[in-house]
Amino acid sequence: MSVRSRPGQGSARPLHEVSAVAELARLIGAAQAGDRDAYRTLLKRLVPLLRRFIGRQLRNPSDADEVVQETLLTVHTARHTYDPARPFLPWLIAIARRRVIDRIRKQQRTSAQEVDLAAYAETFSTDPANLSEGDWSPRALQEAIDALPEVQRQAITMLKLKEMSLKEASGASGITVATLKVATHRAIKRLRARLLGGSA
Amino acid sequence: MTTALIESLVAVAVPVRRLPPPWLRALQWLGFAAAMLAVFSLSHSFRYNIEHCLRAPLWLAMCVGAAMTAVLAAVAALELGVPGRSRRWALLPMPTLAVWLCAVATRDTWIDTGRDALGWSGIADCLATVVLIGVPLGIAMAIMLRRAAVLQPALTAALGGVAVAGVVSAALHVFHPLHATLWILLSNAGIAALFAGLGVLIAPRLLVPAAR
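Heads up: the protein sequence lines correspond to chains Y and W, in order. Those letters in the first sequence? Residues 0 to 199, by numbering that gives the first Met the number 0. Those letters in the second sequence? Residues 0 to 211, by numbering that gives the first Met the number 0.
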């Protein structure tokens with residue numbers, strides 16, 4: 000299934016697939032009537048279908064997984080619009096495609112506003128701080144990082160020590176990109192104050 | 000995570016009333032429009048020369064073109080409100096829209112200063128018609144689209160706006176003696192653009208959310 004394909008409308012579909020799709024249509028019909036077991040079965044069967052379709056559109060697995068969930072939420076919201084007399088897959092794929100487009104647009108907006116933190120690598124104003132360890136040791140640095148508030152410690156660890164991207168760090172921690180940026184900035188100020196004796 | 004989501008959705012799943020077919024919903028909206036026009040006609044008389052107009056091909060092309068565009072645009076908008084329907088539904092009102100706007104474009108009198116010239120009170124009357132008919136119809140269309148699951152909000156809302164504009168323009172032709180092309184242009188293309196534009200403005204609110 001690709002974005003341009005017309006699922007459910009092909010004539011050379013194997014018989015087992017046809018019956019599987021018909022079963023999905025039956026399940027959503029039952030779900031519309033309030034059958035929760037049918038609804039649970041339906042949603043569980045949709046997950047691998049959606050993972051396959053959405054996974055082809057989005058490279059990042061965590062993004063794809065989020066879009067699968069958003070699609071399930073939209074299916075829930077829009078389940079009353081499905082007409083059992085019509086094919087099920089075009090209805091489902093239209094919803095999934097919309098959520099993929101929304102995600103791609105959101106990514107484009109975010110990446111347009113994202114600031115590359117590598118530009119702030121030389122944060123300390125005094126040369127020695129940027130060029131050498133000066134009179135503090137890696138252990139002192141680790142202690143200083145350990146003393147940071149939780150969010151700042153997470154931000155500096157993920158972004159500076161593990162060299163994760165903002166998006167990866169955000170995905171791993173659940174902290175927003177904006178918060179990560181602010182936390183990193185504040186963490187660096189605190190570290191500078193503690194290690195070099197500057198003001199925080 | 001996904002399993003937990005599924006369980007939470009199943010937990011709140013209640014029986015839902017299936018959305019009627021788009022053509023039936025379009026019929027409901029058009030019935031509401033007809034009722035609006037009937038109520039409007041109680042307080043407003045038809046234009047003084049309606050019998051003459053009914054024999055004029057150009058007037059008929061404008062009026063019937065606007066009305067047919069309203070019908071077809073309403074069907075198209077409500078079809079697009081259902082996931083999986085082809086975007087080609089958007090082409091449905093195009094032939095009648097072309098007839099309607101071409102009829103407008105063939106006018107040759109730009110400003111009318113004679114008996115049929117619109118005075119300020121005539122302009123105010125026209126605007127009142129636009130608001131009194133257009134606003135309730137626009138709200139009704141927005142409610143109907145919200146009840147559906149709009150996935151292409153701008154296109155769908157623009158079509159809904161054109162449907163409203165078609166009814167409003169037809170009403171203006173029937174109730175107001177518009178002769179000068181400037182007014183006819185405003186009361187047709189201008190209103191179509193106005194309502195389609197308003198539709199596009201509210202379009203983001205129509206997009207089916209991930210959860211309601």
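Positions of the beta carbon are idealized from the N, C-alpha and C atoms, including for glycine.
| message | Less than 8 Å between the C-beta atoms of Gln141(Y) and Leu4(W), yes or no? | response | no
| query | What are the boundary residues of the alpha helix (DSSP H) that includes Leu200(W)? | reply | Segment 190-205, the alpha helix (DSSP H) holding Leu200(W).
| task | Using the Cα positions of Val15(W) and Ala147(W), report the straight-line distance between them to the nearest angstrom. | result | Inter-residue distance for Val15(W) and Ala147(W) is about 13 Å (C-alpha atoms, whole angstroms).
| task | My understanding is that Ala156(W) touches Ile201(W), with C-beta atoms under 8 Å, so please give their C-beta distance in whole angstroms. | result | 6 Å
| Contacts of Lys78(Y) in chain W (Cβ-Cβ under 7 Å) | The displayed chain sequence assigns Arg, not Lys, to residue 78(Y). Within 7 Å Cβ-Cβ: Val15.
| Exposed or buried, Trp58(W), counting other C-beta atoms within 10 Å across all chains shown (16 or more means buried)? | When all chains shown are included, Trp58(W) counts as buried.
| task | May I ask you to list the residues that DSSP assigns as paired with Val66(Y)? | result | Beta-bridge pairing links Val66(Y) to no other residue.
| message | Using CA atoms only, rank isn't needed, just tell me which of Leu71(Y), Arg193(Y), Asp82(Y), Pro86(Y) is closest to Arg97(Y). | response | Leu71(Y)
| query | On the three-state DSSP scale, how would you describe Val149(W)? | reply | strand
| Taking 8 Å as the CB-CB limit, is Gly83(W) close to chain Y? | It does: the Cβ of Gly83(W) has a partner Cβ on chain Y nearer than 8 Å.
| said: Along the chain, where does the alpha helix (DSSP H) containing Ile100(Y) start, and where does it finish? | reply: 87-112 is the span of the alpha helix (DSSP H), which, as asked, contains Ile100(Y).
| query | Using a beta-carbon distance below 8 Å, is Asp82(Y) in contact with chain W? | reply | yes
| Can you list the residues of chain W that Lys209(Y) reaches, using a CB-CB cut of under 7 Å? | Because chain Y spans 0 through 199 in this model, residue 209(Y) falls outside it and cannot be assessed.
| message | For the region 131-154 of chain W, list every residue whose C-beta sits within 7 Å of some C-beta in chain Y, in sequence order. | response | Those would be Ala147, Ala148, Leu150, in chain order.
| field | Between the CA atoms of Arg55(Y) and Cys62(W) - distance to the nearest angstrom | value | 50 Å
| Cβ atoms of Gly159(W) and Leu144(W): under 8 Å apart, would you say? | yes
| field | Contact belief for Val163(W) with Leu126(W) at Cβ below 8 Å, rounded distance in angstroms | value | Contact doesn't hold; Cβ gap of about 15 Å is too wide.
| said: Does the CB of Ala69(W) have a neighbour CB from chain Y at under 8 Å? | reply: no
| field | Ile103(Y) versus Glu65(Y): straight-line alpha-carbon distance, rounded | value | 12 Å
| query | Candidates Lys43(Y), Lys159(Y), Ser61(Y): which alpha carbon is nearest Gly170(Y)'s? | reply | Ser61(Y)
| request: Please list the residues of the region 87-98 of chain Y that have a C-beta atom closer than 9 Å to any C-beta atom in chain W, keeping them in chain order. | output: Phe87, Leu88, Pro89, Trp90, Leu91, Ile92, Ala93, Ile94, Arg96, Arg97, Arg98
| If we ignore side chains and look at the alpha-carbon of each, how far apart do Leu190(Y) and Val99(Y) end up? | 41 Å
| message | Threshold first: 4 residues or longer. Then list the alpha helix (DSSP H) segments lying entirely within the region 150-177 of chain Y, N to C. | response | 165-172
| request: Mind checking which residues open and close the alpha helix (DSSP H) that includes Met67(W)? | output: 56-79
| field | Status (buried if at least 16 other CB within 10 Å, exposed otherwise) for Leu18(W) | value | Result: buried.
| query | Beta-carbon separation of Val167(W) and Val129(W) under 8 Å? | reply | Cβ distance < 8 Å, so Val167(W) and Val129(W) count as in contact.
| request: Determine, using beta carbons only, whether Pro218(W) comes closer than 8 Å to chain Y. | output: Here chain W comprises residues numbered 0 to 211, so residue 218(W) is not present and cannot be evaluated.
| query | Would you say Asp111(W) faces chain Y, with C-beta separation under 8 Å as the test? | reply | Caution is warranted here: a pLDDT of 48 is assigned to Asp111(W), below 50, making its placement in the model unreliable, and the coordinate value is therefore given only provisionally. Asp111(W) does not count as touching chain Y.
| field | Contacting positions in the region 22-43 of chain Y - beta carbon closer than 8 Å to chain W | value | Ala30, Gln31, Ala32, Gly33, Arg35, Tyr38, Arg39, Leu42, Lys43
| said: Am I right that Val149(W) and Gly80(W) are in contact with their C-beta atoms under 8 Å? What's the rounded C-beta distance? | reply: 5 Å
| request: If I'm right that Arg78(Y) touches Gln31(Y) with Cβ under 8 Å, what's the distance once you round it to whole angstroms? | output: 6 Å
| query | If you measure from the beta carbon of Val20(Y) to each beta carbon in chain W, is any gap under 8 Å? | reply | no
| said: Considering only the alpha carbon of each residue, which of Arg25(Y), Ser18(Y), Arg39(Y) lies closest to Ala267(W)? | reply: This structure cannot speak to residue 267(W), because chain W is shown only from 0 to 211.
| Nearest neighbour of His175(W), chosen from Pro92(W), Ala104(W), Ala123(W) [CA to CA] | Ala123(W)
| said: With a threshold of 8 Å between beta-carbons, can Leu158(W) be considered close to chain Y, or not? | reply: no
| Selected residue, minimal CA-CA separation from Leu36(W), among Leu193(W), Trp99(W), Leu8(W), Ala66(W) | It is Ala66(W).
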